[in-house]
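S.K.: This is the structure I have questions about; it appears just below.
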Amino acid sequence: MKALVFHGPGQPSWEDVPDPTIQDPTDAIVRVDAVTICGTDLHILGGDVPAVTDGRILGHEAVGTVVEIGPGVRNLAAGDRVLVSCVSACGRCRFCRDGRYGQCVNGGGWILGHLIDGTQAELVRVPFADNSTHRIPSGVSDEQMLMLADILPTSYEVGVLNGCVRPADVVVIIGAGPIGLAAVLGAKLLSPSHIVVVDLVDTRLDAARAFGADIVVNSGRDDVVAIVRDLTDGLGADVTMEAVGIPQTFEQAVELVRPCGHVANLGVHGAPATLHLEDIWIKDLTITTGLVDTYSTPTLIGLVQSGRLDTSPMITHRFTLDQFEEAYDVFGRAGGDGCAEGAAHPEVALTVRYPAFEDRRLRGFRSRGRPLCRLRHCRRGAAADSPVPCGGVCAGQ
Ligand SMILES: NC(=O)c1ccc[n+]([C@@H]2O[C@H](COP(=O)([O-])OP(=O)(O)OC[C@H]3O[C@@H](n4cnc5c(N)ncnc54)[C@H](O)[C@@H]3O)[C@@H](O)[C@H]2O)c1
Ligand SMILES: [Zn+2]
Ligand SMILES: [Zn+2]
Numbered sequence: 001m002k003a004l005v006f007h008g009p010g011q012p013s014w015e016d017v018p019d020p021t022i023q024d025p026t027d028a029i030v031r032v033d034a035v036t037i038c039g040t041d042l043h044i045l046g047g048d049v050p051a052v053t054d055g056r057i058l059g060h061e062a063v064g065t066v067v068e069i070g071p072g073v074r075n076l077a078a079g080d081r082v083l084v085s086c087v088s089a090c091g092r093c094r095f096c097r098d099g100r101y102g103q104c105v106n107g108g109g110w111i112l113g114h115l116i117d118g119t120q121a122e123l124v125r126v127p128f129a130d131n132s133t134h135r136i137p138s139g140v141s142d143e144q145m146l147m148l149a150d151i152l153p154t155s156y157e158v159g160v161l162n163g164c165v166r167p168a169d170v171v172v173i174i175g176a177g178p179i180g181l182a183a184v185l186g187a188k189l190l191s192p193s194h195i196v197v198v199d200l201v202d203t204r205l206d207a208a209r210a211f212g213a214d215i216v217v218n219s220g221r222d223d224v225v226a227i228v229r230d231l232t233d234g235l236g237a238d239v240t241m242e243a244v245g246i247p248q249t250f251e252q253a254v255e256l257v258r259p260c261g262h263v264a265n266l267g268v269h270g271a272p273a274t275l276h277l278e279d280i281w282i283k284d285l286t287i288t289t290g291l292v293d294t295y296s297t298p299t300l301i302g303l304v305q306s307g308r309l310d311t312s313p314m315i316t317h318r319f320t321l322d323q324f325e326e327a328y329d330v331f332g333r334a335g336g337d338g339c340a341e342g343a344a345h346p347e348v349a350l351t352v353r354y355p356a357f358e359d360r361r362l363r364g365f366r367s368r369g370r371p372l373c374r375l376r377h378c379r380r381g382a383a384a385d386s387p388v389p390c391g392g393v394c395a396g397q
């Protein structure tokens, strides 16, 4: 198969690699139907995440179709349409039992495209498949769902919920990339009085306004501190969120919050930031950091399904998988010097379409030229037209 392989900082390559195989009984192999790029992938390519080593397939977000399952998988079957969560979960360790899947100590957590091969590929091995995927409800598009693999749960859990956003709050979000924009969507669910978004790129700020920001500030031009003070009678914001991942913006988030307020750090940082305790020890602040756990994914799926949350405007560009390197280029430049077309690029989705499966309940289905049975434990060939999906080859095993 083809995959986007990391060969050191600044060196992604779309190349041939071996197909993934089932390694543990709880694994599933998922054919990637839609995949996207995260700001964290940019941090990896910038050398900020040294745990990612040469040869690693990147990516931790996908929507796809299950093509094979290990004998220990109970809740999935070949042919199921699933969201592959950015966080895998053993489901049994003390953190998983507490819904803190990001901290899983049994080989889960954020491993895809980090410690094991990821989703920016034609096929991906998903460990602990029962706990690390979500079925896609009918009527919800792959693209809507794709935004729930990482971006929406991250912004909602690590930004909105950790930041304890409450009705009538003034919320400042620094960084208007996909994570910052998703934080706007998430914060709006709790009816803040004002959402202020800060970025250096005007096209990103335009996008933030379209997503529901009340005030946008280009911090390269305007005095954010003065604007937030004006808005809050000199007190500072109730909640600030850092959605960039550099020391300056973390320090700015701390500077902009009011006494007794919340600072929620979302950014992945590659360098130390200074915590000015000499100024803030007296302010009763709560500062939170976090890796997304994805415990909120079912809630977010419900919101999308009911039409309360629309993630589709986050996708501005569509590529085929073989255009991955170009997609990285567009995504990387969107938050930097703008892009050639001058449009906002809050998100880049890469979608690849395969022919739809026909009535797979009756016929089984084909994958990679090999007919596969839809039965859970079948990994053998199936007679494509048989009403018993495996044609009796594996029935009962
Ligand atoms: N905590 C988690 O679990 C988690 C999960 C996913 C992503 N992240 C992190 O969230 C952060 C944001 O992700 P993203 O995908 O939106 O990234 P991105 O790179 O697409 O967007 C970052 C935005 O910050 C803006 N920016 C850069 N410097 C700035 C400055 N000095 N002041 C104001 N704005 C500035 C850029 O213009 C850009 O719009 C990244 O650090 C990413 O690694 C964290
Ligand atoms: Zn991510
Ligand atoms: Zn666990």
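Numbering (our numbering), first residue to last: 1 to 397. Even for Gly, the Cβ is constructed at its ideal location relative to N, Cα and C.
Pop quiz: residue 14 and residue 325 are said to be a contact at Cβ under 8 Å. What is the actual Cβ separation, rounded to whole angstroms?
M.R.: Indeed they touch by this definition, with Cβ atoms about 6 Å apart.
S.K.: Within 8 Å, do at least three Cβ pairs link the segment 51 to 66 to the segment 28 to 39?
M.R.: With a cut-off of 8 Å, the segment 51 to 66 and the segment 28 to 39 count as touching, because enough Cβ pairs lie within range.
S.K.: Please name the residue, chosen from 11, 205 and 159, that lies closest to residue 177 on a Cα-to-Cα basis.
M.R.: Measuring from the Cα of residue 177, the nearest candidate turns out to be 205.
S.K.: Tell me the DSSP bridge mates of residue 265?
M.R.: 242, per the DSSP bridge assignment.
S.K.: Along the chain, where does the alpha helix (DSSP H) that runs through residue 298 open and close?
M.R.: 297 to 305 is the span of the alpha helix (DSSP H), which, as asked, contains residue 298.
S.K.: Out of curiosity, what's the CA-to-CA distance linking residue 113 and residue 244?
M.R.: Near 20 Å, if we compare the C-alpha coordinates of residue 244 and residue 113.
S.K.: Return the residue from the list 249, 285, 257 and 5 that minimises the CA-CA distance to residue 272.
M.R.: Closest option to residue 272, Cα to Cα, is 249.
S.K.: Return yes when the C-beta of residue 211 is under 7 Å from any heavy atom of ligand 3, and no when it is not.
M.R.: Residue 211: no, Cβ never under 7 Å from ligand 3.
S.K.: Who does residue 6 pair with in a DSSP beta bridge?
M.R.: Residue 6 is bridged to 12.
S.K.: Pull up the distance between the alpha-carbon of residue 19 and that of residue 1, whole angstroms please.
M.R.: Straight-line Cα distance between these residues: approximately 6 Å.
S.K.: Taking Cβ positions only, does residue 217 come closer than 8 Å to chain D?
M.R.: Of the protein chains in this structure there is only one, and it is not chain D.
S.K.: Quick one: does the C-beta of residue 89 sit closer than 7 Å to a heavy atom of ligand 3?
M.R.: Checking the Cβ of residue 89 against ligand 3 gives yes.
S.K.: In the structure shown, what three-state DSSP assignment does residue 154 receive?
M.R.: Looking at residue 154 - three-state DSSP - the assignment turns out to be helix.
S.K.: Grouping DSSP H, G and I as helix and E and B as strand, with all else coil, what is residue 1?
M.R.: Of the three classes helix, strand and coil, the one that applies to residue 1 here is coil, per DSSP.
S.K.: Roughly how many whole angstroms lie between the Cα atoms of residue 126 and residue 104?
M.R.: Those two C-alpha atoms are separated by around 15 Å.
S.K.: Hey, would you say the C-beta of residue 149 is under 7 Å away from at least one heavy atom of ligand 1?
M.R.: No; taking the cut-off as 7 Å, the Cβ of residue 149 has no heavy atom of ligand 1 nearer than that.
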